[in-house]
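Enquirer: Going left to right, the sequence shown walks through residues 459 to 551 as the working numbering numbers them. I'd like to ask you about the structure that follows.
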Amino acid sequence: MNTLTTRPVITLLETLHRNAETSDRELMETMMARFNAPETSAEQVMAELLAQERADYRSVYHDYADNFLAVSPRYGQFLYMMTRACKARRVVG
């Protein structure tokens, strides 16, 4: 057993994932519309996103500041195990 399997933590993590899905729904729909647009390819969309990032990194990520960090529950468990194994005292400052 670890702290991820306790009821309070499970409940909190489920709530955070629901909140992330709700909060990020509009961004995800916008991105999917860009990727699925018939006049562009996924490669073109990615090239545009990377060009925007290169041109103004801070602005691009400032626009995403209100969104959640995309971490799946399974990857979150991996990160948890890694931080425990490293005996990390702080993960996010």
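From the three backbone atoms N, C-alpha and C, an ideal C-beta is built for every residue, glycine too.
Does the stretch 470-477 come close enough to the stretch 511-523 to have 3 or more Cβ pairs within less than 8 Å?
Expert: Cβ pair count under 8 Å is below three, so no.
Enquirer: Please report how far the alpha carbon of Ala-500 lies from the alpha carbon of Ala-491, in whole angstroms.
Expert: Ala-500 and Ala-491: Cα-Cα distance of roughly 11 Å.
Enquirer: Terminal residues of the continuous alpha helix (DSSP H) containing Ala-505?
Expert: Here the alpha helix (DSSP H) through Ala-505 covers 500-513.
Enquirer: Do you know offhand how far Val-503's Cα is from Asn-494's?
Expert: Using only the alpha carbons, I get a separation of about 10 Å.
Enquirer: With distances taken between CB atoms, is the gap from Tyr-538 to Leu-462 smaller than 7 Å?
Expert: For Tyr-538 and Leu-462, yes; Cβs fall inside 7 Å.
Enquirer: Under DSSP, the alpha helix (DSSP H) around Asp-482 begins and ends at which residues?
Expert: Unbroken alpha helix (DSSP H) run through Asp-482: 465-494.
Enquirer: Assuming Val-549 and Thr-541 are in contact, meaning their beta carbons sit under 8 Å apart, how far apart are those beta carbons, in whole angstroms?
Expert: With 8 Å as the limit, Val-549 and Thr-541 qualify as a contact, their Cβ atoms being about 5 Å apart.
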